[in-house]
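In this text, residue positions in the first sequence follow my numbering: the first is 47, and each later residue adds one. Glycine is no exception: its CB is placed at the ideal position from the N, C-alpha and C atoms. Since the structure comes first, as structure tokens, the remarks are kept for the end.
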Amino acid sequence: VVSWNAMIHGYVNNEHGQKAVELFAQMQREQVEPNSVTFLGAFNAIASISALEMARYVHCQLIQSEVHLDVTLGNSIIDMYGKCGSIEDACRVFNGMPTRNVISWNAMIGGYLKCNQGIEALELYKQMNEEHVNPSVVTFVNVLTACASIRCLEEGKHIHEHVIQSGYEMDNHIGGCLVDMYSKCGDLDDAYKIFEKMCAPNVVVWNAMIAGYAKSGEEKTAIKLYLQMLEKHVKPDSVTFVAVLNACSSIASLEEGRRVHQKAINFGCESEPFVGSGLIHMYSKCGSIEDACQVFKSLRACDIVIWTSMLDGYAMHGLGKEALCLFEQMCKEDLPMS
RNA sequence: CUCCCAUUGAC
């Protein structure tokens with residue numbers, strides 16, 4: 047059973063949730079009894095592919111088995127239901143737990159977040175405080191993300207206070223969340239104050255700050271920051287490029303856009319789906335439908351956003367025939383069209 | 001073998 051478990055967890059940790067689920071099924075066909083670690087792996091796998099029906103099925107299976115449902119398993123079930131989009135199921139498990147720890151609360155708050163229920167997430171945090179459960183770093187990360195998602199600066203500042211009172215140091219993890227929260231809430235000055243005080247911001251923190259400016263109409267500042275990031279030899283990733291390409295699109299700066307494209311190639315990010323659609327959109331907005339088309343053709347796996355970016359590009363450039371032709375092709379693909 | 005966590009794309 048330990049070998050099966052190791053394999054299942056291995057697949058889950060390498061983004062092969064489907065494979066992990068298949069292994070879990072195969073293991074039982076071969077009459078190996080799952081233990082609690084097996085179920086943890088299975089729940090993680092199901093969560094990663096967001097398979098609600100299977101979540102319920104395996105949850106039932108656990109209850110009918112000999113395996114004792116402890117806090118750890120309960121937490122992982124809450125997490126799984128949250129990630130499968132069923133806050134009701136998560137809530138039922140959470141409410142039915144005989145004992146909870148901080149991870150139970152974190153998983154439940156995280157579930158609300160994933161289901162786009164930021165207000166409920168913050169309400170649960172409040173309840174957690176009332177019940178005198180000590181928040182952990184993950185708690186703060188979750189509630190700051192909740193504030194960012196509902197753009198609630200007041201509550202965000204309040205939680206910032208809690209972070210300071212709790213004595214946690216301003217590391218990249220917490221700092222990144224604060225930068226993101228302040229930027230999304232429109233308070234770029236406070237976001238930058240935190241950013242500049244950080245001693246060694248990692249790529250995520252830079253990205254949050256760059257995206258913050260890019261989305262607030264301060265595209266030039268976003269690009270400037272991106273260039274600073276390169277100077278400081280912080281390695282950009284696909285998130286960086288998507289954010290900067292967006293800034294270039296908004297100000298229709300073809301020259302800058304081309305330079306960013308070149309850097310994306312240098313760092314091996316050019317065929318990431320988000321970067322691909324960002325490039326197509328950028329070239330189209332900057333007036334070069336030819337470049338947009340070339341990027342589109344170079345992409346192997348095209349998702350719905352990439353197709354739509356290209357389609358929109360043709361339409362915006364008055365290329366009706368090309369747009370319709372693309373649409374025909376698009377219909378032959380297996381895409382979730384809206 | 002062992003549960004929770006931040007930053008990015010089109011219409």
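{"query": "In this structure, does DSSP put residue 143 in helix, strand or coil?", "result": "coil"}
{"query": "Put residue 137 into one of helix, strand or coil per three-state DSSP.", "result": "helix"}
{"query": "Answer with buried or exposed for residue 343, where buried requires no fewer than 16 other C-beta atoms within 10 angstroms of its C-beta.", "result": "exposed"}
{"query": "Under 8 Å between the Cβ atoms of residue 330 and residue 300?", "result": "no"}
{"query": "Report the three-state DSSP secondary structure of residue 380 (helix, strand or coil).", "result": "coil"}
{"query": "Find out if the Cβ-Cβ distance for the pair residue 385, residue 218 is shorter than 8 Å.", "result": "It is not possible to answer for residue 385, since the shown part of the chain is limited to 47 through 384."}
{"query": "Tell me the DSSP secondary structure of residue 233 in three-state form.", "result": "coil"}
{"query": "How big is the Cα-Cα spacing for residue 262 and residue 232?", "result": "7 Å"}
{"query": "Count the other C-beta atoms from every protein chain shown that fall within 10 angstroms of the C-beta of residue 357, then say buried if there are 16 or more, exposed otherwise.", "result": "buried"}
{"query": "Applying the 10 Å Cβ sphere with the 16-neighbour rule, what's the burial state of residue 223?", "result": "buried"}
{"query": "Mapping the DSSP letters down to three states, classify residue 343 as helix, strand or coil.", "result": "helix"}
{"query": "Which whole-angstrom value is the C-beta distance of residue 254 and residue 236, which I expect to be below 8 Å?", "result": "Wrong, their Cβ atoms sit about 13 Å apart, outside the cutoff."}
{"query": "Quick check: what's the CA-CA separation for residue 152 versus residue 338?", "result": "43 Å"}
{"query": "Would the beta-carbon of residue 188 fall within 8 Å of that of residue 155?", "result": "yes"}
{"query": "What runs of the beta strand (DSSP E), each 3 residues or longer, lie entirely inside the stretch 191-234?", "result": "none"}
{"query": "Output the residue ranges of the beta strand (DSSP E) runs that lie fully inside the stretch 225-313 and measure 3 residues or longer, sorted by chain position.", "result": "none"}
{"query": "Taking the beta carbon of residue 122 as the centre, do at least 16 other beta carbons fall within 10 Å, making it buried, or is it exposed?", "result": "buried"}
{"query": "Residue 49: which of 269, 87 and 129 sits nearest, CA to CA?", "result": "87"}
{"query": "Would you report the Cα separation of residue 260 and residue 186, rounded to the nearest angstrom?", "result": "25 Å"}
{"query": "What's the C-alpha gap between residue 131 and residue 139?", "result": "14 Å"}
{"query": "Is residue 104 helix, strand or coil by DSSP?", "result": "helix"}
{"query": "So residue 119 and residue 108 are in contact, right, with Cβ under 8 Å, and what is the actual spacing, rounded?", "result": "7 Å"}
{"query": "Do residue 59 and residue 83 come within 8 Å of each other at the CB atom, strictly closer than that value?", "result": "no"}
{"query": "Looking at the secondary structure, which residues open and close the alpha helix (DSSP H) in which residue 164 lies?", "result": "164-176"}
{"query": "Which residues mark the beginning and the end of the alpha helix (DSSP H) in which residue 323 is found?", "result": "319-331"}
{"query": "Are the CB atoms of residue 129 and residue 182 nearer to each other than 8 Å?", "result": "no"}
{"query": "Hey, residue 322 and residue 341 are a contact pair by Cβ (cut 8 Å); roughly how many whole angstroms apart?", "result": "6 Å"}
{"query": "Would residue 307 be called buried (16 or more neighbouring beta carbons within 10 Å of its own) or exposed?", "result": "buried"}
{"query": "Pick helix, strand or coil for residue 336, following the three-state DSSP scheme.", "result": "helix"}
{"query": "Taking 8 Å as the limit between beta carbons, can you name the residues of its chain near residue 332, skipping five residues before and five after?", "result": "294, 295, 298, 299, 300 and 303"}
{"query": "Name the two residues that bound the continuous alpha helix (DSSP H) containing residue 68.", "result": "63-75"}
{"query": "Between the Cα of residue 190 and the Cα atoms of 305, 74, 324 and 159, which residue gives the shortest distance?", "result": "159"}
{"query": "Between the alpha carbons of residue 112 and residue 104, how many angstroms are there, rounded?", "result": "14 Å"}
{"query": "Return the CA-CA distance between residue 62 and residue 69, expressed in angstroms with no decimal places.", "result": "11 Å"}
{"query": "Leaving out five residues before and five after residue 85 in sequence, what residues of the same chain have Cβ atoms less than 7 Å from its Cβ?", "result": "108, 113 and 119"}
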